[in-house]
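The working numbering applies: residue -14 is where the sequence shown begins, and numbers increase by one. Glycine is no exception: its CB is placed at the ideal position from the N, C-alpha and C atoms. Just below is one structure, and these are the notes that go with it.
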Amino acid sequence: MDLDRNKPGAAPARRRYVTTRRLDRIFVELANVYRFNARFFKEMWFPPYEFKEIIKQCYEIGVRSLPLISLTGFIIGIVFTNQSRPSLADFGATSLLPALISVAIIRAIGPLVTALIAAGRVGSAIGAELGSMRVTEQIDAMEVSATNPFKFLVVSRVLASTLMIPALTMYTTLVSLLGGYLNVHQNELTSLSVFFYQVFDAITFLDIVASSVKSVIFGYTIGMVGCYKGYNSSKGTEGVGKAANSSVVTAMFLIFIEELLIMQVINAIRAF
């Protein structure tokens, strides 16, 4: 039977899978993601170090995101304060509004909103840029010219996003608190010193650490997803569009999963 299959005109052998076709693709994709992440941590520690490219990417990711981050954070602070005031007013507890704002923004809203905005702006840009370089064979040309494209393109962008997302998160938190203060001052005539005293009195060191840890993880996720999708894109211009789109969708999905898991860990530490 094996000899008959090799004869001209014989029916081709059926392809076999370990589990199913879909599951096999999922496992192969997970293996590729693991190898991509492992290569990043390996390349990160050894020279040459692309400091100029890292600084350039920090500027692109951090400084160029400030206008959008500023507007979004300021509006979030005002809107959240407006939405929270009626509920507290029903119980005569509007004096607790600064504490509520600080807990909500520092613990959850600041890191999450910053990460989602960065996933939409930064993740799509990285995926599209690396995807276009892949389909136009610029990455192959870098390999031929004795340049390490992985270190120059991937390591620099992932490090930049990991460094800049925490900085953007702190900035977003500050701008949101300022927006909340303006709303509180307009309605309750609370002074700036009293407002920020109540803000910092309501949070703990664990809240600040948890927010920072989440921001670092979110930044790494955004950079790694965008680089992986773009670096491994194919199918010409269609692949570039898919790389940019899947970078945003995948990064946002992972950010929500990470937020849920980190929140459970922090709540367990807080209860302990």
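List the endpoints of the continuous alpha helix (DSSP H) containing residue i.
i, result
"residue 260", "Lying outside -14 to 257, the shown extent of the chain, residue 260 is not represented and no answer is given."
"residue 23", "6 to 29"
"residue 194", "190 to 216"
"residue 151", "141 to 173"
"residue 234", "221 to 256"
"residue 182", "177 to 186"
"residue 98", "95 to 103"
"residue 89", "82 to 89"
"residue 109", "109 to 120"
"residue 131", "Here residue 131 belongs to no alpha helix (DSSP H), and DSSP marks it neither H nor E."
"residue 44", "36 to 46"
Assuming residue i contacts residue j under a Cβ cut-off of 8 Å, what Cβ separation, rounded to an integer in Å, is found between them?
i, j, result
"residue 153", "residue 54", "6 Å"
"residue 108", "residue 201", "Actually they do not touch by this definition, with Cβ atoms about 16 Å apart."
"residue 205", "residue 18", "That pair is no contact at about 13 Å."
"residue 87", "residue 151", "The Cβ separation is near 18 Å, so there is no contact."
"residue 25", "residue 139", "6 Å"
"residue 159", "residue 166", "No, residue 159 and residue 166 are not in contact; Cβ-Cβ is about 10 Å, not under 8 Å."
"residue 100", "residue 203", "4 Å"
"residue 69", "residue 85", "6 Å"
Can the beta-carbon of residue i be found less than 8 Å from the beta-carbon of residue j?
i, j, result
"residue 164", "residue 102", "no"
"residue 169", "residue 51", "no"
"residue 161", "residue 247", "no"
"residue 275", "residue 229", "Lying before the first or after the last residue shown, residue 275 is absent from the chain, which here runs from -14 to 257."
"residue 65", "residue 93", "no"
"residue 96", "residue 199", "yes"
"residue 208", "residue 146", "yes"
"residue 194", "residue 157", "no"
"residue 137", "residue 35", "yes"
"residue 254", "residue 174", "no"
"residue 46", "residue 144", "no"
Let me check understanding here. Comparing Cα to Cα, which of the options lies closest to residue i?
i, options, result
"residue 33", "256, 141, 68, 158", "141"
"residue 124", "29, 20, 215", "215"
"residue 120", "31, 251, 166, 224", "224"
"residue 91", "172, 58, 253", "58"
"residue 67", "172, 22, 29", "172"
"residue 226", "122, 5, 110, 252", "110"
"residue 179", "80, 14, 23", "80"
Is it true that the stretch 124 to 140 meets the stretch 233 to 243, where meeting means three or more beta-carbon pairs spaced less than 8 Å apart?
-> no
For the 8 Å Cβ check, are there 3 or more pairs between the stretch 227 to 239 and the stretch 180 to 191?
-> no
Quick one: any contact between the stretch 217 to 228 and the stretch 106 to 122, if contact means 3 or more CB pairs under 8 Å?
-> yes
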